[in-house]
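Trainee:
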Amino acid sequence: MTEIQLLNPSTGVAIGTVVGLDLQATDQAIDRASAAFPSWAAVAPGDRARLLRRFADLVDANLEELAQLEVTNSGHTISNARWEAGNVRDLLEFSAGGIERLYGHQIPVPGGIDLTFREPLGVVGIIVPWNFPMPIAAWGFAPALAAGNTVVLKPAEVTPLTAIRLGALALEAGIPEGVFQVLPGQGSIVGARFVSNEKVAKICFTGSTPVGTSIMAGCAPQVKRVTLELGGKSANIVFADSDLERAAATAPYGVFDNAGQDCCARSRILVEERAYERFMELLEPAVNGVVVGDPSLDSTEMGPLITEAHKAKVSSYLDSEAEVAFQGSCPDGPGFWFPPTVLTSTDPRSKVVTEEIFGPVVVVQRFNGEAEALRMANDTPFGLSGSIWTNDLGRAVRVARGVEAGNLSVNSHSSVRYWTPFGGMKQSGIGRELGPDALANFTEVKNVFIATS
Ligand code: NAP
Ligand code: MG
Numbered sequence: 003m004t005e006i007q008l009l010n011p012s013t014g015v016a017i018g019t020v021v022g023l024d025l026q027a028t029d030q031a032i033d034r035a036s037a038a039f040p041s042w043a044a045v046a047p048g049d050r051a052r053l054l055r056r057f058a059d060l061v062d063a064n065l066e067e068l069a070q071l072e073v074t075n076s077g078h079t080i081s082n083a084r085w086e087a088g089n090v091r092d093l094l095e096f097s098a099g100g101i102e103r104l105y106g107h108q109i110p111v112p113g114g115i116d117l118t119f120r121e122p123l124g125v126v127g128i129i130v131p132w133n134f135p136m137p138i139a140a141w142g143f144a145p146a147l148a149a150g151n152t153v154v155l156k157p158a159e160v161t162p163l164t165a166i167r168l169g170a171l172a173l174e175a176g177i178p179e180g181v182f183q184v185l186p187g188q189g190s191i192v193g194a195r196f197v198s199n200e201k202v203a204k205i206c207f208t209g210s211t212p213v214g215t216s217i218m219a220g221c222a223p224q225v226k227r228v229t230l231e232l233g234g235k236s237a238n239i240v241f242a243d244s245d246l247e248r249a250a251a252t253a254p255y256g257v258f259d260n261a262g263q264d265c266c267a268r269s270r271i272l273v274e275e276r277a278y279e280r281f282m283e284l285l286e287p288a289v290n291g292v293v294v295g296d297p298s299l300d301s302t303e304m305g306p307l308i309t310e311a312h313k314a315k316v317s318s319y320l321d322s323e324a325e326v327a328f329q330g331s332c333p334d335g336p337g338f339w340f341p342p343t344v345l346t347s348t349d350p351r352s353k354v355v356t357e358e359i360f361g362p363v364v365v366v367q368r369f370n371g372e373a374e375a376l377r378m379a380n381d382t383p384f385g386l387s388g389s390i391w392t393n394d395l396g397r398a399v400r401v402a403r404g405v406e407a408g409n410l411s412v413n414s415h416s417s418v419r420y421w422t423p424f425g426g427m428k429q430s431g432i433g434r435e436l437g438p439d440a441l442a443n444f445t446e447v448k449n450v451f452i453a454t455s
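All residue numbers in the sequence shown are consecutive under our numbering, ending with 455.
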């Protein structure tokens, strides 16, 4: 066991410690999850739905406490944190609604009848990053539990508090012991054990591309199921025929939300040449208008970065090759603050154009015409999200179909709705979460033929 020291990112002050599990404790938890699986899978669908709804009700009743925990542990703005806790509640409700509708097919075949069943997988291991501790946990555990699996969940080392609280609320709701366990600890110990332990049937991982690829390789010898949600370098494509005022006013929120620590951040803005000057004139006051400061205030729009080390990583991108167009402001003093920063670049191979910075830094580039916009947008190994600003409907559809990314929005920057599928193309990941197939992703299809003659 190791002791993990937690800090408040907006002040740098220690807020407590949690005990990180060792290999033996991780294996014991996986054994409990495995033992709990058959009886959880056998709970009648309506009863399992009722338990998840009770869990949702408790999340709702404790929404403010969960939100405050996230402000303290992760530096999220209080308004975001409330949305995030609400998202957990909504995911539980949405998943509960699917349990009684987890239908199979009856397929016409000669000589008998043919039925398909959606069987749960067993123990699902969910590995969560620090950037959205509550939603990313729930996108995994809610549909996984609903489909009849048991869950072991490893929160990020630095942001375990809301997940630990959610684990306690699940027990309070009456979800049996061993069905949903939160296991704080190091990725290289607890997370890696989910991969190597043969009792874990599927891994849902969200985080960095290097760790994601190592997890995929680690799952291969067991043909373990894996969903990966990795990074992004998404493009916000602004055509000259768009509502430039709106495009510029919203662009900062498409990238600086959660201090840019968002895999869907539109961290490249591609602007059509003939609108470029006007767009930049409009963007500067919009960036200066982003309210950065104490995340516990309702009026705050952007908080700090997660750790000192992450701040150092983000800062390292502002070397001589990056041209700073303008920068907003942020508190100085303690805490891991970084101001909203707009860079320009004409070098397509520059690090600021190609790498995921994962901080409040955006790079603006120019393009000429639709074909060049698409070529630039797709000139990346990532493919998670993106935005298209245009008032030409045909162009909006053409460009949305042409961008190689899993989640696109037209005249909007939103990627995430629990009703709709979410996931990455190319090296942004494999598999999908949320949406109509959320529960199905935690099942295997079984086909049964019954001879009638
Ligand atoms: P990370 O190392 O990939 O961490 C994500 C999760 O995986 C954490 O829970 C981590 O545990 C765990 N983990 C680490 N090594 C593991 C291993 N060998 N086996 C199993 N699990 C393991 O990400 P990070 O270091 O926190 O962030 C680095 C960069 O990743 C960021 O700067 C950003 O570019 C990207 N990132 C992307 C997302 C996203 O939403 N796609 C989220 C976070 C980060 P620990 O907490 O112990 O490390
Ligand atoms: Mg790491």
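The beta carbon of each residue, even a glycine, is placed where N, CA and C say it ideally should be.
Between the stretch 337-354 and the stretch 115-127, are three or more C-beta pairs nearer than 8 Å?
Mentor: No: fewer than three Cβ pairs fall under 8 Å.
Trainee: Nearest to Ala373 by alpha carbon, out of Pro47, Val355, Ile239 and Thr302?
Mentor: Indexing the sequence shown from 1 puts residue 373 at position 371. Ranking Pro47, Val355, Ile239 and Thr302 by Cα distance to Ala373 puts Ile239 first.
Trainee: Quick one: using the 10 Å Cβ neighbour count with 16 as the cut-off for buried, is Lys156 buried or exposed?
Mentor: Stepping through the sequence shown from its first residue, residue 156 is reached at position 154. Classification of Lys156: buried, given that the 10 Å Cβ count is 16 or more.
Trainee: With a threshold of 16 other CB atoms inside 10 Å of the CB of Gly330, please say whether the residue is buried or exposed.
Mentor: Along the sequence shown, one-based indexing puts residue 330 at 328. Buried, since its Cβ has 16 or more Cβ neighbours within 10 Å.
Trainee: Distance, Cα to Cα, Thr356 vs Pro350?
Mentor: Residue 356 sits at position 354 when you count from the first residue of the sequence shown. Residue 350 sits at position 348 when you count from the first residue of the sequence shown. If I take the Cα positions, the gap works out to 7 Å.
Trainee: Please classify Gln183 as buried or exposed, where buried requires at least 16 neighbouring CB atoms within 10 angstroms.
Mentor: Taking the sequence shown and counting its residues from 1, one reaches residue 183 at position 181. Under this definition Gln183 is a buried residue.
Trainee: Is any non-hydrogen atom of ligand 1 found closer than 7 Å to the C-beta of Glu159, if you look at the structure I gave you?
Mentor: On the sequence shown, residue 159 is found 157 positions in, with the first residue counted as 1. Yes, ligand 1 has a heavy atom inside 7 Å of this Cβ.
Trainee: Is there contact between the stretch 31-38 and the stretch 196-204, where contact requires at least three CB pairs shorter than 8 Å?
Mentor: Result yes; three or more Cβ-Cβ pairs closer than 8 Å.
Trainee: If you follow the beta strand (DSSP E) that Pro137 is part of, which residue opens it and which one closes it?
Mentor: Translated into positions along the sequence shown, residue 137 becomes position 135. Counting along the chain, Pro137 falls outside any beta strand (DSSP E), though it belongs to the alpha helix (DSSP H) covering Pro135 to Ala148.
Trainee: Rounded to whole angstroms, how far is the Cβ of Val20 from the Cβ of Ile6, which I believe are closer than 8 Å?
Mentor: Position 18 of the sequence shown, counted from the first residue, corresponds to residue 20. Position 4 of the sequence shown, counted from the first residue, corresponds to residue 6. Yes, they are in contact, since the Cβ atoms of Val20 and Ile6 sit about 5 Å apart, within 8 Å.
Trainee: Starting from Thr252 and walking both ways along the alpha helix (DSSP H), at which residues does that stretch end?
Mentor: Residue 252 sits at position 250 when you count from the first residue of the sequence shown. Thr252 -> alpha helix (DSSP H) spans Leu246 to Phe258.
Trainee: Flag this pair as yes or no: are the beta carbons of Asn89 and Tyr420 separated by less than 8 Å?
Mentor: What you label residue 89 is simply residue 87 of the sequence shown in a count that begins at 1. What you label residue 420 is simply residue 418 of the sequence shown in a count that begins at 1. Against a cut-off of 8 Å, the Cβ pair of Tyr420 and Asn89 comes out as a contact.
Trainee: Cβ of Ser216 within 7 Å of any heavy atom in ligand 2?
Mentor: Residue 216 sits at position 214 when you count from the first residue of the sequence shown. No, ligand 2 has no heavy atom inside 7 Å of this Cβ.
Trainee: With a CB to CB cut of under 6 Å and the five nearest residues on each side skipped, what residues in its chain are close to Leu232?
Mentor: Taking the sequence shown and counting its residues from 1, one reaches residue 232 at position 230. Around Leu232: Thr211, Gly214, Ser430 and Gly431.
Trainee: Pick out whichever of Val412, Glu179, Ile128 and Leu441 has its Cα sitting closest to the Cα of Thr252.
Mentor: Counting from 1 along the sequence shown, the entry for residue 252 is found at position 250. Considering only alpha carbons, the answer is Val412.
Trainee: Could you spell out where the beta strand (DSSP E) holding Gly22 opens and where it closes?
Mentor: The residue labelled residue 22 in the question sits at position 20 within the sequence shown. Gly22 -> beta strand (DSSP E) spans Ala16 to Gly22.
Trainee: For ligand 2, I want to know if Ser210 counts as a neighbour, meaning its beta carbon is within less than 7 Å of at least one of the ligand's heavy atoms.
Mentor: What you label residue 210 is simply residue 208 of the sequence shown in a count that begins at 1. Yes; taking the cut-off as 7 Å, the Cβ of Ser210 has a heavy atom of ligand 2 nearer than that.
Trainee: Could you round the C-beta distance between Pro145 and Ala440 to whole angstroms and report it? I think they count as a contact, below 8 Å.
Mentor: Here residue 145 refers to the residue found at position 143 when the sequence shown is read from its first residue. Here residue 440 refers to the residue found at position 438 when the sequence shown is read from its first residue. 4 Å between Cβ atoms; contact.
Trainee: When you compare the CB positions of Lys226 and Ala203, do they come within less than 8 Å of one another, or not?
Mentor: For the purposes of this step, residue 226 is taken as the residue at position 224 of the sequence shown. For the purposes of this step, residue 203 is taken as the residue at position 201 of the sequence shown. Yes, the Cβ-Cβ distance between Lys226 and Ala203 is below 8 Å.
Trainee: Since Leu272 contacts Ala165 with CB under 8 Å, what's their CB separation in whole angstroms?
Mentor: Locating residue 272 in the sequence shown gives position 270, where the first residue counts as 1. Locating residue 165 in the sequence shown gives position 163, where the first residue counts as 1. With a Cβ gap of about 37 Å, Leu272 and Ala165 do not count as contacting.
Trainee: Leaving out five residues on either side along the sequence, give the residues of the same chain with a beta carbon under 6 Å from the beta carbon of His107.
Mentor: Your numbering for residue 107 matches position 105 in the sequence shown. The residues are Thr118.
Trainee: According to the neighbour-count rule (16 or more other Cβ atoms, all chains shown, within 10 Å of its Cβ), is Val366 buried or exposed?
Mentor: Numbered from its first residue, the sequence shown carries residue 366 at position 364. Its Cβ being crowded by 16 or more others within 10 Å, Val366 is buried.
Trainee: By how many angstroms is the C-alpha of Met304 removed from the C-alpha of Val292?
Mentor: Numbered from 1 along the sequence shown, position 290 holds the residue referred to as residue 292. Numbered from 1 along the sequence shown, position 302 holds the residue referred to as residue 304. Looking at the two C-alpha atoms, the distance is approximately 7 Å.
Trainee: Kindly confirm or deny that the stretch 93-100 and the stretch 132-148 touch, where touching means at least three C-beta pairs closer than 8 Å.
Mentor: Flag = yes, the stretch 93-100 and the stretch 132-148 touch.
Trainee: Is it buried or exposed, Ala109, if we count other Cβ atoms within 10 angstroms and call 16 or more buried?
Mentor: The sequence position of residue 109 within the sequence shown is 107, counting from 1. Note on identity: in this sequence residue 109 is Ile, with Ala being the wrong assignment. Under this definition Ile109 is an exposed residue.
Trainee: Taking the straight line between their C-alpha atoms, what separation do you get for Gly408 and Asn151?
Mentor: The residue labelled residue 408 in the question sits at position 406 within the sequence shown. The residue labelled residue 151 in the question sits at position 149 within the sequence shown. Their Cα atoms are separated by approximately 26 Å.
Trainee: Figure out for me which residue from Met378, Leu284 and Pro362 has the closest Cα to the Cα of Lys315.
Mentor: Counting from one through the sequence shown, the residue named residue 315 turns up at place 313. Answer by Cα proximity: Pro362.
Trainee: Identify which residue in Gly169, Glu310 and Leu168 has its Cα closest to the Cα of Pro11.
Mentor: Numbered from its first residue, the sequence shown carries residue 11 at position 9. The residue with the shortest Cα to Cα distance from Pro11 is Glu310.
Trainee: Go ahead and label Asn370 buried or exposed: buried means 16 or more other beta carbons lie within 10 angstroms of its beta carbon, across all protein chains shown.
Mentor: Mapped onto the sequence shown, residue 370 falls at position 368. Label assigned to Asn370: exposed.
Trainee: So what does DSSP say about Trp85, is it helix, strand or coil?
Mentor: Numbered from its first residue, the sequence shown carries residue 85 at position 83. If DSSP states are grouped into helix, strand and coil, Trp85 belongs with the helices.
Trainee: Name the DSSP bridge partner or partners of Glu95?
Mentor: Translated into positions along the sequence shown, residue 95 becomes position 93. Answer is none; Glu95 lacks a bridge partner.
Trainee: Quick check: is any heavy atom of ligand 1 less than 7 Å from the C-beta of Ala38?
Mentor: Position 36 of the sequence shown, counted from the start, is the residue given in the question as residue 38. No; taking the cut-off as 7 Å, the Cβ of Ala38 has no heavy atom of ligand 1 nearer than that.
Trainee: Just the Cα atoms here: how many angstroms apart are Asp243 and Pro223?
Mentor: What you label residue 243 is simply residue 241 of the sequence shown in a count that begins at 1. What you label residue 223 is simply residue 221 of the sequence shown in a count that begins at 1. Cα to Cα, the separation comes out at about 52 Å.
Trainee: Less than 7 Å separating the Cβ of Gly189 from some heavy atom of ligand 2?
Mentor: Here residue 189 is taken as the residue at index 187 of the sequence shown, counted from 1. It does: the Cβ of Gly189 is within 7 Å (strictly closer) of some heavy atom of ligand 2.
Trainee: Check each candidate in Ser455, Phe451, Tyr105 and Ser269 and name the one with the smallest Cα separation from Phe384.
Mentor: For the purposes of this step, residue 384 is taken as the residue at position 382 of the sequence shown. The shortest Cα separation from Phe384 among Ser455, Phe451, Tyr105 and Ser269 belongs to Ser269.
Trainee: For Val344 versus Leu285, is the C-beta distance shorter than 8 Å?
Mentor: Reading the sequence shown from its first residue, position 342 is the one you call residue 344. Reading the sequence shown from its first residue, position 283 is the one you call residue 285. Yes.
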